[in-house]
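In our numbering, the protein residues as written are 3 to 237.
Ideal placement from N, C-alpha and C gives every residue a C-beta, glycine not left out.
Predicted model only: the values in this text are computed from it and were never measured.
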(Lines of atoms letter the chains of each structure in order from A and count residues from 1; the text may use other names and numbers.)
(Lines give C-alpha, C1' and ligand atoms only; values in the text may rest on other atoms or scores of the structure.)
Protein backbone atom coordinates (compact mmCIF):
# COMPACT_ATOMS: atom_id res chain seq x y z
CA UNK A 1 0.00 0.00 0.00
CA UNK A 2 1.50 3.32 -1.06
CA UNK A 3 2.15 5.79 1.68
CA UNK A 4 1.93 3.07 4.34
CA UNK A 5 4.51 3.35 7.07
CA UNK A 6 4.77 0.82 9.86
CA UNK A 7 4.97 2.24 13.36
CA UNK A 8 7.58 0.18 15.19
CA UNK A 9 6.84 -0.95 18.74
CA UNK A 10 9.98 0.93 19.73
CA UNK A 11 8.20 4.16 18.72
CA UNK A 12 5.30 3.47 21.06
CA UNK A 13 5.02 5.06 24.49
CA UNK A 14 7.08 2.99 26.91
CA UNK A 15 4.05 2.03 29.00
CA UNK A 16 2.29 0.64 25.89
CA UNK A 17 5.09 -1.68 24.78
CA UNK A 18 4.20 -5.29 25.67
CA UNK A 19 7.33 -6.13 27.63
CA UNK A 20 7.35 -2.87 29.57
CA UNK A 21 3.60 -3.09 30.13
CA UNK A 22 4.04 -6.57 31.61
CA UNK A 23 6.73 -5.32 33.99
CA UNK A 24 4.89 -2.24 35.17
CA UNK A 25 1.23 -3.29 35.05
CA UNK A 26 1.39 -7.06 35.43
CA UNK A 27 0.87 -9.90 33.00
CA UNK A 28 -2.94 -9.79 33.30
CA UNK A 29 -2.97 -6.34 31.70
CA UNK A 30 -1.77 -7.76 28.35
CA UNK A 31 -4.08 -8.93 25.61
CA UNK A 32 -3.57 -12.26 23.85
CA UNK A 33 -2.08 -10.39 20.91
CA UNK A 34 0.42 -8.59 23.13
CA UNK A 35 1.46 -11.86 24.78
CA UNK A 36 1.88 -13.46 21.38
CA UNK A 37 3.92 -10.43 20.26
CA UNK A 38 6.34 -10.98 23.12
CA UNK A 39 6.86 -14.54 21.89
CA UNK A 40 7.56 -13.65 18.28
CA UNK A 41 9.60 -10.57 19.15
CA UNK A 42 9.25 -8.76 15.82
CA UNK A 43 6.84 -8.46 12.93
CA UNK A 44 7.46 -7.81 9.25
CA UNK A 45 8.43 -4.74 7.23
CA UNK A 46 4.77 -3.67 7.10
CA UNK A 47 3.53 -4.85 10.48
CA UNK A 48 4.63 -4.62 14.07
CA UNK A 49 4.74 -7.77 16.16
CA UNK A 50 1.44 -6.80 17.79
CA UNK A 51 -0.28 -6.18 14.43
CA UNK A 52 0.96 -9.50 13.10
CA UNK A 53 -0.21 -11.24 16.27
CA UNK A 54 -3.66 -9.69 15.91
CA UNK A 55 -3.87 -10.96 12.34
CA UNK A 56 -2.91 -14.48 13.40
CA UNK A 57 -5.50 -14.47 16.18
CA UNK A 58 -8.25 -13.11 13.90
CA UNK A 59 -7.64 -16.02 11.55
CA UNK A 60 -8.38 -18.47 14.38
CA UNK A 61 -11.34 -16.46 15.70
CA UNK A 62 -9.26 -15.35 18.68
CA UNK A 63 -9.30 -18.91 19.97
CA UNK A 64 -6.02 -20.15 21.41
CA UNK A 65 -7.13 -23.77 21.14
CA UNK A 66 -7.48 -23.31 17.39
CA UNK A 67 -4.09 -21.62 17.23
CA UNK A 68 -2.64 -24.64 18.99
CA UNK A 69 -3.82 -26.84 16.11
CA UNK A 70 -1.81 -24.91 13.51
CA UNK A 71 1.36 -26.57 12.32
CA UNK A 72 4.75 -24.93 12.10
CA UNK A 73 4.67 -25.29 8.33
CA UNK A 74 1.29 -23.63 7.95
CA UNK A 75 2.30 -20.66 10.09
CA UNK A 76 5.46 -20.09 8.10
CA UNK A 77 3.60 -20.36 4.79
CA UNK A 78 0.64 -18.19 5.74
CA UNK A 79 2.24 -15.28 7.57
CA UNK A 80 4.97 -13.00 6.28
CA UNK A 81 7.25 -12.35 9.24
CA UNK A 82 6.77 -15.77 10.82
CA UNK A 83 9.74 -18.00 10.19
CA UNK A 84 10.44 -21.42 11.56
CA UNK A 85 12.01 -20.17 14.79
CA UNK A 86 9.02 -17.96 15.63
CA UNK A 87 6.54 -20.67 14.73
CA UNK A 88 8.38 -23.14 16.96
CA UNK A 89 8.27 -20.61 19.82
CA UNK A 90 4.49 -20.24 19.45
CA UNK A 91 3.90 -23.98 19.30
CA UNK A 92 6.16 -24.59 22.30
CA UNK A 93 4.43 -21.89 24.39
CA UNK A 94 0.97 -23.29 23.64
CA UNK A 95 2.14 -26.79 24.48
CA UNK A 96 3.48 -25.55 27.81
CA UNK A 97 0.10 -23.97 28.50
CA UNK A 98 -1.62 -27.26 27.70
CA UNK A 99 0.71 -29.20 30.00
CA UNK A 100 0.20 -26.64 32.76
CA UNK A 101 -3.53 -27.32 32.66
CA UNK A 102 -2.83 -31.02 33.10
CA UNK A 103 -0.43 -30.51 36.01
CA UNK A 104 -1.63 -30.62 39.58
CA UNK A 105 -0.73 -27.58 41.67
CA UNK A 106 2.02 -28.12 44.20
CA UNK A 107 0.74 -28.55 47.72
CA UNK A 108 2.22 -25.83 49.90
CA UNK A 109 3.08 -27.01 53.40
CA UNK A 110 1.01 -25.37 56.13
CA UNK A 111 2.62 -24.29 59.37
CA UNK A 112 0.42 -25.06 62.37
CA UNK A 113 3.10 -25.39 65.05
CA UNK A 114 6.85 -25.21 65.60
CA UNK A 115 7.11 -28.93 64.87
CA UNK A 116 6.06 -28.23 61.29
CA UNK A 117 8.93 -25.78 60.90
CA UNK A 118 11.36 -28.31 62.37
CA UNK A 119 10.16 -31.07 60.03
CA UNK A 120 10.47 -28.75 57.02
CA UNK A 121 13.87 -27.24 57.79
CA UNK A 122 15.71 -29.98 59.70
CA UNK A 123 16.81 -31.83 56.52
CA UNK A 124 18.30 -28.59 55.20
CA UNK A 125 20.08 -27.37 58.29
CA UNK A 126 20.79 -30.13 60.81
CA UNK A 127 24.07 -31.45 59.42
CA UNK A 128 25.65 -28.20 58.23
CA UNK A 129 29.09 -27.29 59.68
CA UNK A 130 28.23 -23.57 59.46
CA UNK A 131 25.26 -21.35 60.33
CA UNK A 132 22.61 -20.49 57.78
CA UNK A 133 19.67 -18.14 58.28
CA UNK A 134 16.42 -18.86 56.44
CA UNK A 135 13.05 -17.17 56.26
CA UNK A 136 9.73 -18.84 55.45
CA UNK A 137 7.28 -16.57 53.66
CA UNK A 138 3.67 -17.42 54.51
CA UNK A 139 0.31 -16.48 53.03
CA UNK A 140 -2.81 -15.69 55.07
CA UNK A 141 -3.49 -19.41 55.55
CA UNK A 142 0.02 -19.89 57.00
CA UNK A 143 1.05 -21.91 53.97
CA UNK A 144 4.67 -21.62 52.90
CA UNK A 145 4.96 -19.65 49.68
CA UNK A 146 8.74 -19.65 49.62
CA UNK A 147 11.82 -20.67 51.60
CA UNK A 148 14.60 -18.09 51.41
CA UNK A 149 18.23 -18.63 52.32
CA UNK A 150 19.13 -15.18 53.62
CA UNK A 151 22.74 -15.72 54.65
CA UNK A 152 25.51 -18.19 55.34
CA UNK A 153 28.12 -17.70 58.03
CA UNK A 154 30.72 -19.44 60.12
CA UNK A 155 30.54 -21.83 63.02
CA UNK A 156 29.42 -19.18 65.51
CA UNK A 157 27.21 -16.83 63.53
CA UNK A 158 25.97 -15.20 60.33
CA UNK A 159 25.07 -11.66 59.30
CA UNK A 160 21.38 -10.78 58.96
CA UNK A 161 20.02 -7.80 57.00
CA UNK A 162 16.57 -6.80 58.30
CA UNK A 163 15.87 -4.61 55.28
CA UNK A 164 16.64 -7.42 52.84
CA UNK A 165 14.28 -9.81 54.64
CA UNK A 166 11.40 -7.33 54.69
CA UNK A 167 12.00 -6.34 51.10
CA UNK A 168 11.66 -9.96 50.00
CA UNK A 169 8.55 -10.46 52.15
CA UNK A 170 6.91 -7.38 50.64
CA UNK A 171 7.84 -8.41 47.11
CA UNK A 172 6.17 -11.80 47.58
CA UNK A 173 3.13 -10.26 49.33
CA UNK A 174 3.75 -12.38 52.41
CA UNK A 175 1.30 -12.02 55.28
CA UNK A 176 3.72 -13.46 57.82
CA UNK A 177 7.23 -14.81 58.16
CA UNK A 178 8.99 -17.43 60.25
CA UNK A 179 12.69 -17.13 61.00
CA UNK A 180 14.88 -20.20 61.14
CA UNK A 181 18.56 -20.89 61.57
CA UNK A 182 20.84 -23.62 62.84
CA UNK A 183 23.43 -23.93 65.61
CA UNK A 184 26.21 -26.28 64.44
CA UNK A 185 27.49 -26.43 68.03
CA UNK A 186 24.44 -28.49 69.02
CA UNK A 187 23.32 -25.90 71.58
CA UNK A 188 19.70 -25.09 70.81
CA UNK A 189 19.42 -22.06 73.12
CA UNK A 190 19.26 -18.59 71.51
CA UNK A 191 22.18 -16.21 71.77
CA UNK A 192 21.87 -12.48 72.52
CA UNK A 193 22.33 -11.88 68.79
CA UNK A 194 19.45 -14.27 68.02
CA UNK A 195 17.19 -12.42 70.46
CA UNK A 196 18.20 -9.00 69.11
CA UNK A 197 17.62 -9.85 65.45
CA UNK A 198 14.25 -11.35 66.32
CA UNK A 199 13.29 -8.14 68.13
CA UNK A 200 14.37 -6.00 65.16
CA UNK A 201 12.37 -8.10 62.70
CA UNK A 202 9.28 -8.05 64.91
CA UNK A 203 9.44 -4.24 65.10
CA UNK A 204 9.98 -3.93 61.34
CA UNK A 205 7.10 -6.33 60.75
CA UNK A 206 4.75 -4.24 62.87
CA UNK A 207 5.40 -1.21 60.68
CA UNK A 208 4.88 -3.19 57.47
CA UNK A 209 1.98 -5.31 58.78
CA UNK A 210 3.98 -8.54 58.40
CA UNK A 211 3.78 -10.80 61.45
CA UNK A 212 6.80 -12.70 62.74
CA UNK A 213 5.17 -15.95 63.88
CA UNK A 214 8.23 -17.74 65.21
CA UNK A 215 11.99 -18.04 65.23
CA UNK A 216 13.12 -21.66 65.27
CA UNK A 217 16.69 -22.65 66.06
CA UNK A 218 17.68 -26.12 64.87
CA UNK A 219 20.46 -28.04 66.59
CA UNK A 220 21.04 -31.65 65.53
CA UNK A 221 17.84 -33.52 66.47
CA UNK A 222 16.32 -30.85 68.71
CA UNK A 223 15.12 -27.27 68.30
CA UNK A 224 14.18 -24.11 70.15
CA UNK A 225 11.03 -22.13 69.33
CA UNK A 226 10.64 -18.48 70.38
CA UNK A 227 6.87 -18.86 70.04
CA UNK A 228 6.67 -21.97 72.22
CA UNK A 229 8.79 -20.31 74.91
CA UNK A 230 6.70 -17.11 74.89
CA UNK A 231 9.68 -15.06 73.74
CA UNK A 232 8.13 -13.27 70.78
CA UNK A 233 6.49 -10.80 73.12
CA UNK A 234 9.68 -10.48 75.15
CA UNK A 235 11.99 -10.11 72.15
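Asked	Found
By DSSP's criteria, residue 135 is part of a beta bridge. Which residues make up the other side?	153, 183
If you reduce the DSSP assignment to three classes, tell me which class residue 47 lands in.	coil
Can you tell which of 54, 90, 82 has the C-alpha that lies nearest to the C-alpha of residue 71?	90
Spatial neighbours of residue 26 within its chain, please: CB distance less than 6 Å, with the 5 preceding and 5 following residues excluded, ordered by chain position.	none
Pairing CB atoms from the region 172-181 with CB atoms from the region 136-143, are three or more of them under 8 Å?	yes
Tell me the residue span of the alpha helix (DSSP H) that contains residue 35.	34-42
Quick one: Cα of residue 20 to Cα of residue 77, how far?	22 Å
Look at the alpha carbon of residue 100 and the alpha carbon of residue 93, and state the distance between them as a whole number of angstroms.	11 Å
Could you give the uninterrupted runs of the beta strand (DSSP E) lying entirely in the region 162-236, keeping only those of 3 residues or more?	178-184, 213-221, 224-227
Tell me the DSSP bridge mates of residue 86?	Answer is none; residue 86 lacks a bridge partner.
Quick check: the region 214-225 against the region 113-130, are there 3 or more CB pairs under 8 Å?	yes
Is residue 103 helix, strand or coil by DSSP?	helix
State the Cα-Cα distance for the pair residue 56 and residue 104, rounded to the nearest angstrom.	27 Å
Using DSSP bridges, identify the partner residues of residue 140.	146, 178
Round the Cβ separation of residue 184 and residue 134 to the nearest angstrom and send it over; I've been treating them as touching at under 8 Å.	6 Å
Taking the beta carbon of residue 186 as the centre, do at least 16 other beta carbons fall within 10 Å, making it buried, or is it exposed?	buried
On the premise that residue 136 lies in contact with residue 162, defined as a C-beta separation below 8 Å, what is that separation, rounded to the nearest angstrom?	Actually they are not in contact, since the Cβ atoms of residue 162 and residue 136 sit about 11 Å apart, beyond 8 Å.
Could you have a look at residue 129 and say whether DSSP puts it in helix, strand or coil?	coil
Looking at residue 24 and residue 32, is the spacing between their C-beta atoms short of 7 Å?	yes
Going by DSSP, what residues sit across from residue 112 in a beta bridge?	145
Does the beta-carbon of residue 231 have 16 or more other beta-carbons within 10 angstroms, so that it is buried, or is it exposed?	exposed
Output the boundary residues of the alpha helix (DSSP H) element that contains residue 23.	20-27
State the DSSP-derived secondary structure class of residue 119, mapped to helix, strand or coil.	helix
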